[in-house]
Structures are given as structure tokens and as C-alpha cells.
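Heads up, the thing below is written out as C-alpha cells.
Numbering (the numbering used here), first residue to last: 5 to 167.
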């Protein structure tokens with residue numbers, strides 16, 4: 005028999021479960037890192053889809069930043085080397101990470117070297133590796149935060165990996 009106290013207990017438990025479901029499934033506000041919130045580029049995000057057969061260019065308010073991959077191709081579970089270069093002066097990479105856009109597979113941090121001046125262009129290099137995804141095609145995003153004269157600028161390079 006359903007008593008008054010059992011009915012109240014069921015309503016409380018149902019409310020709790022519905023609240024937990026909503027809390028875990030609905031994202032009320034986007035997760036943005038602190039350095040991306042302060043970015044000069046926050047109002048203008050250019051989406052660049054790269055195939056790396058040639059350098060991929062991201063145009064920022066400060067100038068163009070070109071990203072290339074040694075060998076022109078990224079193969080999962082193999083190391084690849086990245087080179088970021090620009091004619092812009094006084095910049096440095098403050099952070100860089102790769103995230104999966106098709107499926108979240110964690111954040112893969114990339115450590116870039118100090119900026120060096122080579123043939124009139126400043127460049128920095130990094131090294132990383134991607135895991136194999138269960139999807140046949142996986143879209144990834146490389147997000148790089150570059151500081152130009154102390155001002156953070158976000159660079160986004162999307163690329164597709166096909167098994």
C-alpha cells in the first residue's frame with residue numbers, strides 16, 4: 005500500500021534524480037579558459053580546416069600565422085612535428101593543446117620552443133602524437149594561444165584524420 009510518507013519519499017527521490025540528470029547533461033554555460041576570455045580575438049574566430057599538404061594560415065588582427073607539419077601529414081600514434089611561423093614581431097606561444105571535435109578524447113598539450121628568427125620570419129616548433137579514434141573520420145582542433153606584445157591572441161587550426 006502506498007502511504008503518504010512513501011509518496012513523499014518517492015517524489016523527493018524522483019526530483020533528486022531529475023535534478024542530477026539535468027545537471028550532468030545540460031551545459032548551462034560554455035567552458036572557456038581564463039586566457040581565452042581575455043583574448044583580443046574573442047569577437048572574431050576564424051575557422052581554418054587544414055590538410056597540411058601546404059602550410060595552413062590563420063589571419064589574426066596582428067597578422068598571419070602559418071602552421072605546417074613536417075612530412076605534410078599527421079598519422080595517429082606516430083610523432084609529428086609542428087612549425088608555427090609569422091612575420092609578426094614580438095610573439096611567443098603561451099599555451100597549445102589539441103582537442104577532438106568529433107569526439108572528446110581529452111586535451112593533448114603541446115610544448116612549443118622559444119621563438120627564433122629565421123630568414124626574416126619568427127618561428128616556434130612543437131611535437132605531439134594523437135591516439136587512434138573509433139570513428140573512421142575524426143575532426144581535431146589545435147588551439148594555440150600566442151602573446152603578441154603581451155596581448156593574448158587565439159589561433160585555431162582544425163584538421164581531419166581519416167583511418
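Where is the CB? At the ideal position from N, CA and C, for every residue including glycine. The structure presented is a predicted model; accordingly, all values stated were derived computationally and were not measured.
Check	Outcome
Top-ranked residue by Cα proximity to residue 137, from 151, 79 and 56	79
Length of the line joining the Cα atoms of residue 123 and residue 129	15 Å
Identified DSSP bridge partners for residue 130	86 and 116
Proximity below 9 Å, CB of residue 151 to CB of residue 96	yes
Selected residue, minimal CA-CA separation from residue 93, among 25, 68, 62 and 72	68
Integer Cβ distance of residue 142 from residue 165, believed to fall under 8 Å	5 Å
Backbone CA spacing between residue 108 and residue 135 [nearest angstrom]	12 Å
Assigned exposure category for residue 76 - 16 Cβ within 10 Å defines buried	exposed
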